[in-house]
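Residue numbers (UniProt numbering), protein chains in the order written: chain A, 1 to 249; chain B, 1 to 228.
Quick notes on the structure that follows.
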């Protein structure tokens with residue numbers, strides 16, 4: 001098939017493609033607006049910093065920093081372990097979560113090779129996310145000395161309830177765009193499939209090729225325009241009056 | 001007699017319209033498809049019902065009449081006759097009356113309101129249409145009609161449903177195969193063509209009916225024709 005043919009097929013099934021696109025976009029849009037619960041995110045920052053030995057006060061020790069960075073990786077694991085989770089659940093019963101669910105809501109990240117840990121909690125309620133993340137941060141800071149035998153965790157910043165709550169999950173514009181693109185592809189694919197499956201005669205070439213018969217005439221679908229194209233002869237009285245000059249007698 | 005001509009008879013109602021032009025094209029192409037032996041008796045056939053045989057034969061008949069020929073259009077579809085609807089005629093009398101020896105053909109031929117164009121409706125439905133059509137009486141009638149008319153056009157039942165079409169084809173000089181665009185499966189049409197070839201019917205060609213105007217080829221044709 002040539003490019004022209006492709007365009008013809010698409011134009012022919014324009015309504016089909018258009019309705020598929022509209023339908024899919026509408027469904028995705030409605031789902032986004034009415035059925036997707038908005039998820040909020042709250043982040044607390046912790047810093048892992050060993051208290052310098054008294055004799056080295058005021059000097060940044062490179063090896064100590066390296067140790068701390070190495071430690072943050074272990075801390076990540078410790079934070080989502082049941083040792084911490086169980087403690088959070090026990091100390092903050094008003095959060096009403098189980099340790100497993102809490103671990104799923106929790107994300108711990110470090111920005112590159114830094115000593116700072118980002119603790120993030122996602123929840124349907126921003127208030128609850130803030131409370132949970134702060135609870136985790138506090139419990140973690142409290143528990144580390146007993147687990148690691150050193151007190152080197154400081155809460156850098158807690159999540160704040162006064163920050164504006166912006167949902168993080170739904171990006172309707174992006175989702176609509178993806179829905180649009182996928183449904184457009186789907187529609188065009190379907191149009192071509194239907195074209196391939198369409199086993200009927202559509203033009204003179206089909207007839208010549210499949211039947212080996214000449215096409216005497218193509219009769220286009222009669223439309224209203226044909227029935228009013230020459231108003232002078234529409235009255236039955238004038239029917240058949242010889243306004244037509246014969247050429248082949 | 002009040003005439004309620006079917007609005008699908010464009011060649012008569014709207015002789016200058018584009019569709020009328022296409023029917024005249026059909027007439028011209030039939031004439032060119034055989035120069036030496038003129039085609040006087042023609043039938044329209046189609047594989048299935050509803051492909052537009054009656055509309056085609058009626059409009060073709062009008063274009064022949066407009067050309068000055070004396071034309072008879074006959075409804076040979078004795079099962080579901082419909083020609084009378086096209087010309088706003090009544091079907092209480094017609095071909096079956098003649099074949100049953102009840103009336104002379106002169107009495108059942110009706111004026112259509114179009115100069116030079118007469119119509120013979122099917123008449124009351126007989127119990128044995130195929131036998132009637134293959135009778136000697138039918139052949140004799142046709143010989144007689146040929147003396148009175150320049151062109152005889154016949155509407156027939158669908159080829160794949162009944163043997164009637166094939167019986168009629170043996171009496172005709174040519175068969176026009178009507179194919180509805182975008183509706184009928186290629187295999188079905190091929191089968192109908194094979195049936196016609198088996199009885200050695202002469203297929204003049206195909207009329208592709210109900211072509212969508214958005215079809216690029218039809219559009220190209222329209223442009224070409226509007227230039228001339």
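In this text, a Cβ means the ideal position worked out from N, Cα and C, and glycines have one as well.
What does DSSP give as the partner residue(s) for residue i in the beta ladder?
i, result
"residue 174(B)", "42(B)"
"residue 44(A)", "119(A)"
"residue 17(B)", "Paired residue(s): none; residue 17(B) is not in a bridge."
"residue 157(A)", "45(A)"
"residue 108(A)", "119(A)"
"residue 217(A)", "207(B)"
"residue 200(A)", "185(B)"
Report yes if the CB atom of residue i is closer than 8 Å to the CB atom of residue j, and no otherwise.
i, j, result
"residue 175(B)", "residue 194(B)", "no"
"residue 88(A)", "residue 130(A)", "no"
"residue 102(A)", "residue 119(A)", "no"
"residue 259(B)", "residue 9(B)", "Nothing can be reported for residue 259(B): it is not among the residues displayed for chain B, which extend from 1 to 228."
"residue 6(B)", "residue 85(B)", "yes"
"residue 94(B)", "residue 122(B)", "yes"
"residue 49(A)", "residue 115(A)", "yes"
"residue 37(B)", "residue 152(B)", "no"
"residue 9(A)", "residue 192(A)", "yes"
"residue 155(B)", "residue 35(B)", "no"
"residue 190(A)", "residue 177(B)", "no"
"residue 205(A)", "residue 190(B)", "no"
"residue 179(B)", "residue 211(B)", "no"
"residue 220(A)", "residue 162(B)", "no"
"residue 78(B)", "residue 129(B)", "yes"
"residue 157(A)", "residue 44(A)", "yes"
"residue 54(B)", "residue 83(B)", "yes"
"residue 236(B)", "residue 217(A)", "Only positions 1 to 228 of chain B appear in the structure, and residue 236(B) is not among them; the question remains open."
"residue 160(B)", "residue 33(B)", "no"
"residue 26(A)", "residue 92(A)", "no"
"residue 167(B)", "residue 43(B)", "no"
"residue 146(B)", "residue 199(A)", "no"
"residue 117(A)", "residue 127(A)", "no"
"residue 45(B)", "residue 202(A)", "no"
"residue 65(B)", "residue 115(B)", "yes"
"residue 28(A)", "residue 181(A)", "no"
Go through its chain and collect everything with a Cβ distance to residue i's Cβ below 7 Å, but skip five positions before and after it.
i, result
"residue 187(A)", "16, 17, 20 and 21"
"residue 81(B)", "75, 91, 121 and 122"
"residue 3(A)", "none"
"residue 149(B)", "70, 71 and 72"
"residue 136(B)", "none"
"residue 5(A)", "none"
Going by beta carbon distance, what residues of the same chain come within less than 8 Å of residue i, once the five residues before and after it are set aside?
i, result
"residue 144(A)", "75, 78, 150, 151, 152 and 153"
"residue 124(A)", "37, 38, 39 and 40"
"residue 138(B)", "99, 132 and 171"
"residue 67(B)", "27"
"residue 32(A)", "170, 172, 175 and 176"
"residue 103(B)", "93 and 97"
"residue 242(B)", "A question about residue 242(B) goes unanswered here, because the residues of chain B that appear run from 1 up to 228."
"residue 13(A)", "187, 190, 191, 194 and 195"
"residue 216(B)", "For residue 216(B), the predicted structure reports a pLDDT of 44, less than 50, and the residue's modelled location is therefore unreliable. A value from the coordinates is still provided. Cβ within range, chain order: n/a, list empty."
"residue 109(B)", "72, 118, 119 and 120"
"residue 164(A)", "none"
"residue 125(B)", "78, 79, 81 and 96"
If contacts are defined as beta-carbon pairs under 8 Å, then residue i and residue j qualify, I think. What distance do you get, rounded to the angstrom?
i, j, result
"residue 69(A)", "residue 113(A)", "5 Å"
"residue 209(B)", "residue 52(B)", "4 Å"
"residue 120(B)", "residue 142(B)", "No, residue 120(B) and residue 142(B) are not in contact; Cβ-Cβ is about 11 Å, not under 8 Å."
"residue 48(B)", "residue 199(B)", "About 19 Å separates the two Cβ atoms, so there is no contact after all."
"residue 137(A)", "residue 155(A)", "5 Å"
"residue 80(A)", "residue 108(A)", "7 Å"
Any heavy atom of the ligand FMN within a distance shorter than 7 Å of the CB on residue i?
i, result
"residue 94(B)", "What this structure holds is no ligand at all, so the ligand FMN is not there to describe."
I'd like the list of long-range same chain contacts for residue i, defined as Cβ closer than 6 Å, with 5 residues on each side in sequence excluded.
i, result
"residue 42(A)", "121, 129, 130, 133 and 159"
"residue 71(A)", "48"
"residue 174(A)", "none"
"residue 213(B)", "none"
"residue 67(A)", "none"
"residue 64(A)", "50"
Self-check item: Any beta strand (DSSP E) of 3 or more consecutive residues that is wholly inside the UniProt domain "AAA" (41–198) of chain B
Solution: 41–45, 71–75, 109–111, 117–120, 151–155 and 174–180
Exercise. Could I get the ranges of all uninterrupted alpha helix (DSSP H) runs contained in the stretch 66–102 of chain A, with 4 residues as the minimum, in chain order?
Key: 82–91
Quiz item: Which residues, in chain order, does the stretch 186–206 of chain A contribute to contact with chain D at a C-beta distance below 9 Å?
Solution: No chain D appears in this structure, whose protein chains are A and B.
Exercise. Please go through the stretch 8–33 of chain A and give each complete beta strand (DSSP E) segment of 3 or more residues, from N-terminal end onward.
Key: none
Exercise. Ignoring anything shorter than 3 residues or poking outside the stretch 127–176 of chain A, list the beta strand (DSSP E) runs there in chain order.
Key: 153–157
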